[in-house]
Every structure is written in C-alpha cells, then in structure tokens.
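Using the working numbering, read the sequence shown as starting at 37 and increasing by one per residue. Just so you know, even glycine gets a beta-carbon here, dropped at the ideal spot from N, CA and C. One structure is given below, encoded as structure tokens.
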Amino acid sequence: MKLRVRLTLLIGATAVVPLLLSAVAATNIANKHSLEQTRELHSSRADSLALYTLTWLDLNLKGLAVASQSFALEQLTDDQQQGFLRLLFRQFTPVNIALIADQSGAVVSGPVYAEGLRDIAGGLQGHEIIGAQREEGFLSRVPLFNSDDGQVAVGDPYLPEGTSNYVVPVSILAGGEGALIVAVELSLKDLEREFLDRAGGGRALVLLFDGKVLAGEAGVLVEPGITTLFETGLEGELDYQLSDGTEVFGAFSSVGELPWSVVVAVPKAVATKAGDSIRERTWFMFGLAIIMASALGVVGARQLAKPIVGLKDAALCVAEGDYGLRLGAKGGGEVAELTRAFNFMSSRLASDREKIATKNREIKAFNEVLQAKVVERTAALEEAHERLVESSRMAAVAQMGAGLAHELNNPVAGILGLSQLGAIKGAEERGEYLRKIELEALRCREVLRLLARFSSGERSLRMATNVGGFLSEVLSLIQSNLAEGQVDTENRVEEGLEVELDRPLMAQALTQLFLSLRSELLPGGTIVLESGGEENHAVIVVRMVGEQRPRGDDWLASGMGFWVARYAMQEHGGSLVENNDESNIMYELHFNEREEV
Numbered sequence: 037m038k039l040r041v042r043l044t045l046l047i048g049a050t051a052v053v054p055l056l057l058s059a060v061a062a063t064n065i066a067n068k069h070s071l072e073q074t075r076e077l078h079s080s081r082a083d084s085l086a087l088y089t090l091t092w093l094d095l096n097l098k099g100l101a102v103a104s105q106s107f108a109l110e111q112l113t114d115d116q117q118q119g120f121l122r123l124l125f126r127q128f129t130p131v132n133i134a135l136i137a138d139q140s141g142a143v144v145s146g147p148v149y150a151e152g153l154r155d156i157a158g159g160l161q162g163h164e165i166i167g168a169q170r171e172e173g174f175l176s177r178v179p180l181f182n183s184d185d186g187q188v189a190v191g192d193p194y195l196p197e198g199t200s201n202y203v204v205p206v207s208i209l210a211g212g213e214g215a216l217i218v219a220v221e222l223s224l225k226d227l228e229r230e231f232l233d234r235a236g237g238g239r240a241l242v243l244l245f246d247g248k249v250l251a252g253e254a255g256v257l258v259e260p261g262i263t264t265l266f267e268t269g270l271e272g273e274l275d276y277q278l279s280d281g282t283e284v285f286g287a288f289s290s291v292g293e294l295p296w297s298v299v300v301a302v303p304k305a306v307a308t309k310a311g312d313s314i315r316e317r318t319w320f321m322f323g324l325a326i327i328m329a330s331a332l333g334v335v336g337a338r339q340l341a342k343p344i345v346g347l348k349d350a351a352l353c354v355a356e357g358d359y360g361l362r363l364g365a366k367g368g369g370e371v372a373e374l375t376r377a378f379n380f381m382s383s384r385l386a387s388d389r390e391k392i393a394t395k396n397r398e399i400k401a402f403n404e405v406l407q408a409k410v411v412e413r414t415a416a417l418e419e420a421h422e423r424l425v426e427s428s429r430m431a432a433v434a435q436m437g438a439g440l441a442h443e444l445n446n447p448v449a450g451i452l453g454l455s456q457l458g459a460i461k462g463a464e465e466r467g468e469y470l471r472k473i474e475l476e477a478l479r480c481r482e483v484l485r486l487l488a489r490f491s492s493g494e495r496s497l498r499m500a501t502n503v504g505g506f507l508s509e510v511l512s513l514i515q516s517n518l519a520e521g522q523v524d525t526e527n528r529v530e531e532g533l534e535v536e537l538d539r540p541l542m543a544q545a546l547t548q549l550f551l552s553l554r555s556e557l558l559p560g561g562t563i564v565l566e567s568g569g570e571e572n573h574a575v576i577v578v579r580m581v582g583e584q585r586p587r588g589d590d591w592l593a594s595g596m597g598f599w600v601a602r603y604a605m606q607e608h609g610g611s612l613v614e615n616n617d618e619s620n621i622m623y624e625l626h627f628n629e630r631e632e633v
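Spelled out as structure tokens, the structure:
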C-alpha cells in the first residue's frame, strides 16, 4: 500500500474517528457539567448573598446597639436626647427615622427624620424624606420587647406609601430591664442596590419575605406566583417553569434566623449554552479534520517520507558529535530548504565550537588582568583613606589648639594685668592681687587638665547637680565674652531638675558650646535655654533667637565647641542633637537619667 494511502488512513484513524466519538461525548458531558456547575455556582451565590444580607443587617444592628448603649438615655435632658438622635441619624445612612420610647411604646423623644430638601442639603444625604403619614405608619410598627427578645428586636419589613424601598422597624434596648428603647426605621435600599448590581448574565437575584420581594428585580425570572414556592427557613434548589414556558433553575437560602430568603434564578438555556457551543465547535473541527487528513495523506506522503528519514539519521550523527556533516539538497521545496538549513546548522556548529574555545581563552586572560587592577586600586584606596584619617586628626589637633589658646588667653591676660597692678600698689594691697593671680593660674591649670582628660579618656567623679543653677554659673563665667559679641542669654530651665554630672567636664563643654553659638549669632541675638524632657530623660533645649551668620561646616566654622559638647554628652551617656526648623536652629542636650527634687 502506498504511503499516501497509508497516511490518509492513519490520520483518519488517529484523528478523525476519535474526534467524532469525542464530539458526541463532549457535548453530553459539557451539558451535564454545565448544569452541575450552574447548580453549584448559583447555590453558592445564594448562600453568599444570604450571608451578605445577614452581615449587613448585623453590622447595622450592632452599630446601633453600641451607640444606644453607650449613653445613659434616662439621665439625659430632652435637648441631649434630641442631640443623641441627630447624631445617630447622621452616623447611619440606612436610618430614615429615629426616636426614643419607653418599653410600652410611648414616645419619649423624637422622632428625628429629614422633612425636606433643606435637611438633605444640610448634610443628611442618603436619607429619605419622611412625611407625617409615614411617621404614623412607623410608630404603629415599632416592635416591643418580650422577655426572650434580648437587646434587639426586629419587626416585619413593609413598604411605606410613596416609596419603592422596603424598610424594617428595629428596637434597641438602651439599658437593663425597664430601660428606654431606641427605635429606628432601617431602609433596605443598600441591599436593593447590591442585589441589582450583582444581577446580570441572564440571572435574577431577589430577597423575599412572606412572598414579597424586598430587594432585587421582581417579575423577571421570579414571578409573583412563584415566590410562594420558596419557603422561608429552607435552603436548596428548585426547577420550575414560568408562565411563558421558560424553564428556570432556582437556588434559595435562608438569611440566618430571619424569615427571609435569598433566591438566585437562571434560565436553563443559559446553563446549557456552553455545552451547545462546544457541540457546534466540535462538529466544525470534525469536518475540518477530514479535509486536512485527506490533503496531508495525498500531498505529504510523496515529499516527506524519504527526506525526513535522511534528516533524522543525520541529526542523530550530529548529536553524537559529527559536526560539519552535510546532506544533498535538490529542488526548491520545503524539504530541500530544511535540508539546506540542516547543512548550515551543522557547519555553524563546527565553526562556533572553535570560536567558543577562543573566546574562553580571551575571557580568562581578561579576568586575570582585571583582578590585578582591582588589587592595585584597592591598595590605592586604602592608602588614600589612611591619609584622609591622618588629615582629620591634624585638623582636630589644630582646632583644639585654637580653642585652648582662646581659653587660656583670658586668664593669662588677667594674670598680666594683676601683676602689673600689684607692682605699683602698696604691700598691703599686693596680697589681694597675688590671690587673684593664683586663681587665674589655677584656672589655666584646670583648662590644661581638662584638655589632657579629653585626650586620655579620664573620667572624674560625678555628683547630683541642679541643672538650672549649674547653667546660671556657667553663663556668669562667660558673660563678658558674650557681651563682647552683644549676645544676651535667657535661662528658663526649671530649678527642680537634677542629673548626675562631671561638673568640670560639663562646664568646659557648655562654655565651648555657648561661645561657638555666640560666633554664629549677629549682634542683638539671644541664646535661650529651656527645659524639655521625655520618660527617663532630661533634655535641655538651646535655641538661638535672632539673625545668624551663614553656616558652613559647624565643627570647622565654630571651633571645637561642638566637638567638645558632643564628647561630654557621650561621656554622660547622652547626646547632642541639632534640630532645625523654619524659624531658628535648636540644639538639644539629652541626659540619660532624670530625677525630680
């Protein structure tokens, strides 16, 4: 038997016949599966909508109960009760009417509702306009409490005259036994909107109570005469027929313990639409397959068999490593083009193998050169880093020397002046000048001792210190220096604040800090000290008030004052924090422990 015939029969046996059998089976299975999926899907949708309805109602009732039970309504005045009702009315959009009554149903306060468009424009959007007749209808339906009702009583839904939205009367017990109740008319408009939004795709979603449609599109797939079939309190599925003969599948679910039912209805034609579409497509593919099988069997047998077998054998040889193998290509058909493409691939593989080996050698050499450059560059960066660290140290030494010179200049000038005055005074007065010279010399020694402590890390004994008084002492010592720069000070720190301080170290640090701030302020400025604080922390806020000079680097521009202050605060377990705002620059001194005297 020729290859053409064999291919035709083979393709028909392997493709067309199974396709024919699968067409019948797929159609039946698709229809059955579609119906099962439709039943499962819409039963689940009915349960979901019932849960949504119950959740929506439960959230509103719980919210109203919490709001009502948060106030002792019996103890409120009439105006306060009216205010509570207005507050409740504004917070809950579904509430159309709200009032306070006793448990016999007698109105104590209210009712509150939107009487016209002015109320709606005044912030009561979403509420319905209520008239006197509707108010009377609500009052007659307010549910009263029995011993078994609990804290919330829900009445039967009803449709007020002049509106298309059902409402539910609700009573909430505001306290214990004998307490007042809060009664509201709860609109089901939001549920109506949710049911209508979810409907579509040939289905109808409705919420039923006692044969009445509370929400959803009535009369489409759930006719008025059909509503009695869906009994409240039951869950399940129902197949029924409309008056026009349309077969409908309905799934229904109860809403908790309420006598309400959610119904999802869909025509059976919609449910089997997928199966019908599969059947049509399958028959189309069946006919197309017969045509393609015949064409492939006649045309392909002659041209494909021998060249394909040759290409297969050659591909196996190339797979074994015989790169460069070539086949003879005759003619201009697809098989010949495929043969030429195979020859090109085989030649290219042989050439690429040599190129890949060359590239690998080049990459290896490049990696070695790159590694050498990385090592060289790393060494250069480490050397530059060491030079930078050394430069920073030298700059710090220079700044400390400048600060030391400034700090020693005042006592040395005092010693010189006192010695000159002592030389021209009498013997009796020289003793007083000598004592002053001694004090200034001691001051020089103290500055040098502190400087030695900064470099050696030495710590002295700390003692409990009144921060307010200590700051006053420091300011008094540098008052003359501040006056030279026409800078004032204000000490607003509370007197009862005590912390553990190394007094000499902190005095030196604060002196350097205040003098650095003085250098930043223009004449007429003020340095203000204020108390701050956090839990287990004492905070002194230093604020500069007035015009300031342009700022550069704060350490280099202002001497070593900031460096010394930061060092001292770290010694005390605290920190110096710069806190800039739009109006001025503040520095905060944070101490770890804080005690109130």
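Query: For Thr562, the three-state DSSP class (helix, strand or coil); Result: strand
Query: For Ile165, the three-state DSSP class (helix, strand or coil); Result: strand
Query: Segments of 3+ residues assigned as beta strand (DSSP E) that fall wholly inside the stretch 248-321; Result: 248-252, 272-277, 283-290 and 297-303
Query: Integer Cβ distance of Val203 from Pro196, believed to fall under 8 Å; Result: 6 Å
Query: Assumed close pair Gly286, Glu273 - CB separation to whole angstroms, cut-off 8 Å; Result: 7 Å
Query: C-beta contact flag for Leu557 and Val523 at 7 Å; Result: yes
Query: Under the three-state DSSP convention, the category Phe107 falls into; Result: coil
Query: Buried versus exposed call for Ser428 [16 or more other C-beta atoms within 10 Å across all chains shown]; Result: Legend: pLDDT at Ser428 = 44, less than 50; position of this residue unreliable, no value from coordinates given.
Query: Neighbourhood of Pro447 by C-beta, 7 Å cutoff - its chain only, sequence neighbours within 5 removed; Result: Glu476, Arg479 and Cys480
Query: Per DSSP, cross-strand counterpart(s) of Gly236; Result: Arg239
Query: Distance between Val102 and Arg170 (C-alpha atoms, nearest Å); Result: 27 Å
Query: Local Cβ density within 10 Å of Lys400, reported as buried at 16 or more and exposed below that; Result: exposed
Query: Helix, strand or coil at Ala137 according to DSSP, with G and I counted as helix; Result: strand
Query: Cβ pair count under 8 Å reaching 3, the stretch 85-99 against the stretch 226-236; Result: yes
Query: Selected residue, minimal CA-CA separation from Val291, among Ile327, Ala305 and Leu227; Result: Leu227
Query: N- and C-terminal bounds of the alpha helix (DSSP H) containing Asp114; Result: Asp114 to Gln127
Query: Helix, strand or coil at Thr711 according to DSSP, with G and I counted as helix; Result: No answer is possible for residue 711: the residues shown for the chain start at 37 and end at 633.
Query: Assigned secondary structure, Gln435 (DSSP; H/G/I helix, E/B strand, else coil); Result: For Gln435, the predicted structure reports a pLDDT of 48, less than 50, and the residue's modelled location is therefore unreliable. A value from the coordinates is still provided. Residue state, collapsed to three classes: helix.
Query: Nearest-angstrom Cα separation, counted from Pro295 out to Tyr194; Result: 13 Å
Query: Ala251 and Leu222 closer than 7 Å at C-beta; Result: no
Query: Paired residues, beta bridge with Met499 - DSSP; Result: Leu537
Query: Buried versus exposed call for Gly236 [16 or more other C-beta atoms within 10 Å across all chains shown]; Result: exposed
Query: Where Asp192 falls: helix, strand or coil (DSSP); Result: coil
Query: Exposure label - Met328; buried when at least 16 CB within 10 Å; Result: exposed
Query: Bridge partners - Pro205, DSSP secondary structure assignment; Result: Glu221
Query: Distance between Gly532 and Gly582 (C-alpha atoms, nearest Å); Result: 29 Å
Query: Proximity test, Cβ basis, 7 Å: Ala477 and chain B; Result: Absent from the structure: chain B. Only one protein chain is present.
Query: DSSP bridge partner residues for Arg528 (one or two, in chain order); Result: Glu566
Query: Limits of the beta strand (DSSP E) - the one that Ser516 falls within; Result: That residue, Ser516, is in no beta strand (DSSP E); its alpha helix (DSSP H) goes Gln515 to Glu520.
Query: Residues near Arg645 by beta carbon distance below 6 Å, same chain, minus five either side; Result: Absent from the structure is residue 645, since the part of the chain shown begins at 37 and ends at 633.
Query: Outcome for Arg413 when other beta-carbon atoms lying within 10 angstroms are tallied against a minimum of 16; Result: exposed
Query: Phe266 beta carbon less than 7 Å from that of Val299; Result: yes
Query: Proximity winner among Pro179, His69, Leu180 and Pro540, relative to Leu497 (alpha-carbon distances); Result: Pro540
Query: CA-to-CA distance, His163 to Leu93, given in whole angstroms; Result: 17 Å
Query: Coarse secondary structure for Phe550, derived from DSSP in three states; Result: helix
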